[in-house]
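**Student:** A single structure is presented below for examination.
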Amino acid sequence: MPVLLKNATFIDWQSLHFASRNILANEDDPKIKFVENDFPVTDNLQVLDCNGRLVTKSFGVGHHHVYSALSRGMRAPKKVPSDFSEILKYIWWTLDKCLDEKMIESSALVTAMECAKAGSTFVIDHHASPFAVKGSLEIIAASFEKVGVSHLLCYEISDRDKAQIAKEGLEETEQYLKFHQGLVGLHASFTVGDNTLDAAVEMMNRYKSGIHIHVSEDMYDQEMCIRKHGKRVIKRLNQSGVLSSGKTILSHCLHLDEEEKEIIRKSECTVVQNCESNLNNNVGYFNGHDLGERIMLGTDGMHSDMLRSAKASFFVGQRYDNINYSTAYKRFRQIHNYLSDNSFTGDGENNLVVLDYNPPTPVDKENFLGHFIFGITSNHVSDVISNGRLIVKDRRIINVDEDDIISESREQAKRLWERMSRAEFYK
1186 MPVLLKNATF IDWQSLHFAS RNILANEDDP KIKFVENDFP VTDNLQVLDC
1236 NGRLVTKSFG VGHHHVYSAL SRGMRAPKKV PSDFSEILKY IWWTLDKCLD
1286 EKMIESSALV TAMECAKAGS TFVIDHHASP FAVKGSLEII AASFEKVGVS
1336 HLLCYEISDR DKAQIAKEGL EETEQYLKFH QGLVGLHASF TVGDNTLDAA
1386 VEMMNRYKSG IHIHVSEDMY DQEMCIRKHG KRVIKRLNQS GVLSSGKTIL
1436 SHCLHLDEEE KEIIRKSECT VVQNCESNLN NNVGYFNGHD LGERIMLGTD
1486 GMHSDMLRSA KASFFVGQRY DNINYSTAYK RFRQIHNYLS DNSFTGDGEN
1536 NLVVLDYNPP TPVDKENFLG HFIFGITSNH VSDVISNGRL IVKDRRIINV
1586 DEDDIISESR EQAKRLWERM SRAEFYK
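Residue numbers (our numbering): 1186 to 1612.
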């Protein structure tokens, strides 16, 4: 059903131009229309009175992990991880091995709801469930679509669980790419052997897709690459063809030398910054200097709030990065350029967010970025339109029953935690 947003203060996401508008969004047209006050209101039209509210393009998550959704509040492993490799081994690689189809579905539904309520209508996700690989991407896609959130998915292919699981990851990826837009996911260089890397790149080329991979999140990735392959991570990936696609996403990119930065800068790939995850794992600080303009923001599964990610990137970057108000906003919005430049669907003009933001100071084009950093939060998101359809109204998801999904997710979290408690490193 078309949505009419009346009496809105519309902010063009690119120019930051403010204008009083009545906006018509329709799922049959990715464009929006500005209509006059006397536009006829019929029974097949949803009307939102946006008087006193800001309306602008909705947001997007550049790097997420659906599989982490049920981890919130789980107890720590008996052995406290001493470094990044042990964080992966004792926590996340234990968790992903314990996932089954019901847990994946709950994780995806919860993630989609939280993204939508925080203003994001598009999510780029990087999934792993080594003992529940087959059909996992279809489960996530169906769950996102129930909520009304668009997506660009991949399965995290890796040799860490031996050849058969890597083979299943490749098969799941190919089966999914036959019917959906998506990427070819790889975990990280240090868990991907040459044969698997070559197979992934070949698939990327065959389906005209890109690779989505963690890059130098910790120095361990570089150290293992040098030890195993005699070269640094970006050089290995570049020589294999990973960086030949403008659809390729390089997540993290913390520990790079100048040659690696130059390779990335000269490519058409996009880097994703995940500030809070890097802080949580104590792996270092992102610095976008010399990486070029194609930098977007993600959450790395820490949460689903992109406004929060933008603020964290700005504040931490005051010491470690060359970032200012404008840079932070540009990275926040870079996902739209990535999706448009690579002809991915689901992020048209008819994706809008209504902000119930009534600050004690004036807000306009000249000072909007100050409000973006210091004022606007996800608590101000009141309504969300995704692909011309209303999916959040008065801060509630309307396509699915939130309470039922949360109740089910708690049961699935208990099952997951119980499985993890019996795993080797949780005993």
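Note that CB positions come from ideal geometry on N, CA and C, so glycine has one too.
Can you tell me where the beta strand (DSSP E) holding residue 1327 begins and where it ends?
**Tutor:** Sequence index remark: in the sequence shown, residue 1327 carries index 142 (1-based). Counting along the chain, residue 1327 falls outside any beta strand (DSSP E), though it belongs to the alpha helix (DSSP H) covering 1321–1332.
**Student:** Taking a contact to mean a Cβ-Cβ separation below 8 Å, would you say residue 1694 touches residue 1394 in this structure?
**Tutor:** Since the first residue of the chain shown is 1186 and the last is 1612, residue 1694 is not available in this structure.
**Student:** Return the CA-CA distance between residue 1384 and residue 1403, expressed in angstroms with no decimal places.
**Tutor:** On the sequence shown, residue 1384 is found 199 positions in, with the first residue counted as 1. On the sequence shown, residue 1403 is found 218 positions in, with the first residue counted as 1. About 25 Å.
**Student:** For residue 1555, count neighbouring C-beta atoms within 10 Å of its own C-beta (all shown protein chains included) and say buried if the count is 16 or more, exposed if not.
**Tutor:** Taking the sequence shown and counting its residues from 1, the one referred to as residue 1555 is at position 370. Exposed, by the Cβ-count rule.
**Student:** For residue 1611 and residue 1605, what's the separation of their Cα atoms in angstroms?
**Tutor:** Sequence index remark: in the sequence shown, residue 1611 carries index 426 (1-based). Sequence index remark: in the sequence shown, residue 1605 carries index 420 (1-based). Confidence in residue 1611 is poor, its pLDDT being 46 and thus under 50, which makes the residue's placement unreliable; the coordinate value appears in the next sentence. Straight-line Cα distance between these residues: approximately 6 Å.
**Student:** In whole angstroms, give me the CA-to-CA distance for residue 1344 and residue 1585.
**Tutor:** Translated into the one-based positions of the sequence shown, residue 1344 becomes position 159. Translated into the one-based positions of the sequence shown, residue 1585 becomes position 400. Cα-Cα distance, rounded: 37 Å.
**Student:** Would residue 1580 pass as a contact of residue 1216 if the rule is Cβ separation under 8 Å?
**Tutor:** Along the sequence shown, one-based indexing puts residue 1580 at 395. Along the sequence shown, one-based indexing puts residue 1216 at 31. Against a cut-off of 8 Å, the Cβ pair of residue 1216 and residue 1580 comes out as no contact.
**Student:** May I ask you to report which of helix, strand or coil DSSP gives residue 1305?
**Tutor:** For the purposes of this step, residue 1305 is taken as the residue at position 120 of the sequence shown. In the structure shown, residue 1305 sits in a strand (DSSP, three-state: E or B).
**Student:** What does a CB cutoff of less than 6 Å around residue 1524 pick up in its chain, not counting 5 residues either side in sequence?
**Tutor:** Your numbering for residue 1524 matches position 339 in the sequence shown. So the list reads 1532, once near-sequence residues are dropped.
**Student:** With respect to the beta strand (DSSP E) encompassing residue 1370, which residues constitute its N-terminal and C-terminal limits?
**Tutor:** The count along the sequence shown starts at 1 and reaches residue 1370 at position 185. Residue 1370 -> beta strand (DSSP E) spans 1369–1373.
**Student:** With the cut-off set at 8 Å, would you say residue 1313 and residue 1252 are in Cβ contact?
**Tutor:** Along the sequence shown, read from residue 1 onward, the residue named residue 1313 stands at position 128. Along the sequence shown, read from residue 1 onward, the residue named residue 1252 stands at position 67. Taking 8 Å as the Cβ cut-off, residue 1313 and residue 1252 qualify as a contacting pair.
**Student:** Just the Cα atoms here: how many angstroms apart are residue 1349 and residue 1226?
**Tutor:** Numbered from its first residue, the sequence shown carries residue 1349 at position 164. Numbered from its first residue, the sequence shown carries residue 1226 at position 41. When rounded, the distance between both Cα atoms is 58 Å.
**Student:** Among the residues of its own chain, which have a CB less than 7 Å from the CB of residue 1235, if the five just before and after it don't count?
**Tutor:** For the purposes of this step, residue 1235 is taken as residue 50 along the sequence shown, with counting starting at 1. For residue 1235, where only same-chain residues beyond five positions count, the Cβ hits under 7 Å are 1190, 1191, 1192, 1193 and 1539.
**Student:** Could you compute how far the alpha carbon of residue 1522 sits from the alpha carbon of residue 1197?
**Tutor:** On the sequence shown, residue 1522 is found 337 positions in, with the first residue counted as 1. On the sequence shown, residue 1197 is found 12 positions in, with the first residue counted as 1. Distance between the alpha carbons of residue 1522 and residue 1197 is about 14 Å.
**Student:** Would DSSP call residue 1611 helix, strand or coil?
**Tutor:** On the sequence shown, position 426 is the one that residue 1611 refers to. Residue placement at residue 1611 is flagged as unreliable, the pLDDT there being 46, under the threshold of 50; the coordinate-derived value follows with that caveat. In this structure, residue 1611 counts as helix in the three-state DSSP scheme.
**Student:** Closest to residue 1369 by CA distance: which of 1583, 1391 and 1419 is it?
**Tutor:** For this step, residue 1369 is matched to residue 184 along the sequence shown. Ranking 1583, 1391 and 1419 by Cα distance to residue 1369 puts 1391 first.
**Student:** Within 10 angstroms of its Cβ, does residue 1591 collect 16 or more other Cβ (buried), or is it exposed?
**Tutor:** Locating residue 1591 in the sequence shown gives position 406, counting from the first residue. Looking at its Cβ environment, which holds fewer than 16 other Cβ atoms inside 10 Å, residue 1591 is exposed.
**Student:** Let me know if residue 1589 comes out buried or exposed under the rule of 16 or more other beta-carbons within 10 Å of its beta-carbon.
**Tutor:** Counting from one through the sequence shown, the residue named residue 1589 turns up at place 404. Residue 1589 should be labelled exposed.
**Student:** Per DSSP, residue 1614 is paired with what?
**Tutor:** The requested residue 1614 is not part of the displayed model; the chain covers only 1186 to 1612.
**Student:** Quick check on the DSSP output: the beta strand (DSSP E) that includes residue 1284 runs from which residue to which?
**Tutor:** Position 99 of the sequence shown holds residue 1284. Element bounds for residue 1284: n/a, residue is neither H nor E.
**Student:** Write down every uninterrupted run of the alpha helix (DSSP H) in the stretch 1334–1368 whose length is 4 residues or greater and which is fully enclosed by it, in chain order.
**Tutor:** Complete alpha helix (DSSP H) runs here, min 4: 1347–1362.
**Student:** Tell me whether the beta-carbon of residue 1457 lies closer than 8 Å to the beta-carbon of residue 1429.
**Tutor:** In the sequence shown, residue 1457 corresponds to position 272, counting from 1. In the sequence shown, residue 1429 corresponds to position 244, counting from 1. For residue 1457 and residue 1429, no; Cβs fall outside 8 Å.
**Student:** Quick one: using the 10 Å Cβ neighbour count with 16 as the cut-off for buried, is residue 1561 buried or exposed?
**Tutor:** In the sequence shown, residue 1561 corresponds to position 376, counting from 1. Under this definition residue 1561 is a buried residue.
**Student:** Do residue 1460 and residue 1501 come within 8 Å of each other at the CB atom, strictly closer than that value?
**Tutor:** By 1-based counting over the sequence shown, the position of residue 1501 is 316. By 1-based counting over the sequence shown, the position of residue 1460 is 275. Closer than 8 Å, so yes.
**Student:** I need the DSSP call for residue 1481, collapsed to helix, strand or coil.
**Tutor:** Position 296 of the sequence shown, counting from 1, holds the residue named residue 1481. Of the three classes helix, strand and coil, the one that applies to residue 1481 here is strand, per DSSP.
**Student:** Measure how close the beta-carbons of residue 1535 and residue 1211 come, nearest whole angstrom, since I'm counting them as under 8 Å.
**Tutor:** For the purposes of this step, residue 1535 is taken as the residue at position 350 of the sequence shown. For the purposes of this step, residue 1211 is taken as the residue at position 26 of the sequence shown. That pair is a contact at about 7 Å.
**Student:** Take residue 1331 and list the residues in its own chain whose beta-carbon comes closer than 8 Å to its own, dropping the five residues that flank it on each side.
**Tutor:** Within the sequence shown, the letter at position 146 stands for residue 1331. Around residue 1331: 1294, 1297, 1584 and 1585.
**Student:** Use the C-beta contact count for residue 1340: other C-beta atoms within 10 angstroms, 16 or more gives buried, fewer gives exposed.
**Tutor:** The residue given as residue 1340 occupies position 155 in the sequence shown. The residue in question, residue 1340, is buried, as its Cβ has 16 or more Cβ neighbours within 10 Å.
**Student:** What is the DSSP secondary structure of residue 1450, reduced to helix, strand or coil?
**Tutor:** Counting from one through the sequence shown, the residue named residue 1450 turns up at place 265. The answer is helix: DSSP assigns residue 1450 an H, G or I state.
**Student:** Once you ignore the five residues that flank residue 1425 on each side, which residues in its own chain have a CB closer than 6 Å to its CB?
**Tutor:** Walking along the sequence shown from the start, residue 1425 turns up at place 240. If we look at residue 1425 and ignore the five residues flanking it on each side, its Cβ neighbours are 1382 and 1386.
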